[in-house]
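Comments concern the structure below.
In UniProt numbering, the protein residues as written are 1 to 305.
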């Protein structure tokens with residue numbers, strides 16, 4: 001096996017398995033390692049042409065490109081803890097494990113101390129079901145654009161590669177920013193669905209038609225508003241309320257919380273946002289925009305007087 005034409009992949013969870021399958025479909029030679037070799041995903045990968053190594057050091061020794069996709073950075077440290085530094089000499093490590101910017105920096109330092117040739121930190125920005133499809137993309141940071149070009153070409157079957165620069169923590173920061181927006185949407189959507197459930201006369205009335213037919217189009221129409229808020233923050237135009245004064249929006253949130261309490265529901269998901277808006281209204285009045293909340297958040301002013 002020619003190491004320049006192959007790679008080793010560590011971790012066959014749901015995401016790792018999808019990534020491996022995409023690489024195999026592109027006729028890449030893939031050596032795989034997973035802590036639990038009896039997993040169905042491991043069997044499926046072997047049946048698709050992957051080479052299974054039960055020993056992680058042996059798996060690493062087979063190829064010069066090592067792709068890691070484990071649960072977290074602690075798992076990486078545990079898996080690689082007993083492997084000698086010599087095993088990483090000349091290796092290019094591409095880490096697609098979700099983590100924090102600090103963890104990315106620490107992992108890069110670890111790679112240098114273990115004589116790795118290159119270390120890239122990255123994140124897959126789609127669900128496992130979307131891997132290899134037209135919307136699939138992943139972000140990577142570290143090293144140089146020139147160093148990443150051959151890696152990007154090699155990993156292109158996974159999706160569109162986006163290089164975010166030499167700062168090793170850039171990809172982790174981008175990943176968490178994207179996930180924050182996603183989970184924020186989820187928190188609001190759960191409140192929305194619970195309010196609808198409470199109002200249904202028939203207990204088994206379905207939510208999906210309302211969510212797909214009404215709420216999703218509503219949210220889609222609001223997406224450009226995020227860009228307007230971001231521009232307002234960039235310009236520090238705190239008095240530009242984009243036609244939606246923060247006092248009015250704070251009252252709308254208070255109404256949501258009151259409705260939750262009236263219906264015997266938990267109001268915790270949106271309580272922090274309401275508190276943030278009320279803090280800004282107290283400090284700056286009711287006519288400004290919501291973008292200033294970001295500045296408060298950035299400077300720790302939402303919880304500290």
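Ideal Cβ placement from N, Cα and C applies to all residues, glycine included. As the structure is a prediction and not an experimental result, all values here were calculated from the model.
Could you have a look at residue i and say whether DSSP puts it in helix, strand or coil?
i, result
"residue 299", "coil"
"residue 150", "helix"
"residue 136", "coil"
"residue 40", "helix"
"residue 207", "coil"
"residue 8", "strand"
"residue 3", "Because residue 3 sits at a pLDDT of 45, beneath the cut-off of 50, its placement in the model cannot be relied upon, and the point is left open."
"residue 144", "coil"
"residue 293", "helix"
"residue 155", "helix"
"residue 288", "coil"
"residue 243", "coil"
"residue 167", "coil"
"residue 265", "coil"
"residue 48", "coil"
"residue 238", "coil"
So that I know if they touch, is there some Cβ in chain D lying closer than 7 Å to that of residue i?
i, result
"residue 172", "Of the protein chains in the structure, only one exists, and it is not chain D."
Residue i lies in the alpha helix (DSSP H); which residues open and close that run?
i, result
"residue 197", "170-199"
"residue 233", "216-235"
"residue 256", "246-262"
"residue 279", "268-284"
"residue 19", "14-25"
Evaluate residue i with the Cβ neighbour count: other Cβ atoms within 10 Å of its Cβ, from every protein chain shown; 16 or more gives buried, anything less gives exposed.
i, result
"residue 289", "buried"
"residue 112", "exposed"
"residue 198", "exposed"
"residue 4", "Confidence at residue 4 is low in this model, with a pLDDT of 45, below 50, so its placement is unreliable and the value that follows should be read with caution. Burial call: exposed."
"residue 136", "buried"
"residue 230", "exposed"
"residue 15", "buried"
"residue 17", "buried"
"residue 248", "exposed"
"residue 234", "exposed"
"residue 101", "buried"
"residue 169", "buried"
"residue 266", "exposed"
"residue 178", "exposed"
"residue 2", "At residue 2 the pLDDT is 42, less than 50, meaning the model places this residue with poor confidence; the figure from the coordinates comes in the next sentence. It counts as exposed."
"residue 369", "Residue 369 is absent from the structure shown; the chain starts at 1 and stops at 305."
"residue 225", "exposed"
"residue 148", "buried"
"residue 67", "buried"
"residue 133", "exposed"
"residue 298", "exposed"
"residue 53", "buried"
"residue 353", "The displayed coordinates of the chain run from 1 to 305. Any statement about residue 353 would go beyond what the structure contains."
"residue 191", "buried"
Less than 8 Å between the CB atoms is what I'm expecting for residue i and residue j, so what's the real figure, rounded?
i, j, result
"residue 172", "residue 103", "7 Å"
"residue 293", "residue 280", "6 Å"
"residue 76", "residue 97", "6 Å"
"residue 278", "residue 250", "6 Å"
"residue 73", "residue 107", "6 Å"
"residue 7", "residue 63", "5 Å"
"residue 22", "residue 151", "With a Cβ gap of about 15 Å, residue 22 and residue 151 do not count as contacting."
"residue 140", "residue 120", "5 Å"
"residue 143", "residue 166", "7 Å"
"residue 10", "residue 33", "5 Å"
"residue 44", "residue 123", "The Cβ separation is near 24 Å, so there is no contact."
"residue 42", "residue 12", "5 Å"
"residue 245", "residue 287", "5 Å"
If I follow the unbroken beta strand (DSSP E) through residue i, where does it start and stop?
i, result
"residue 325", "Outside the shown range of the chain, which is 1 to 305, sits residue 325, and nothing can be said about it."
"residue 32", "29-33"
**Q.** Ranges of the beta strand (DSSP E) found wholly within the segment 50-126, counting only runs of at least 3
**A.** 65-68, 92-95 and 118-124
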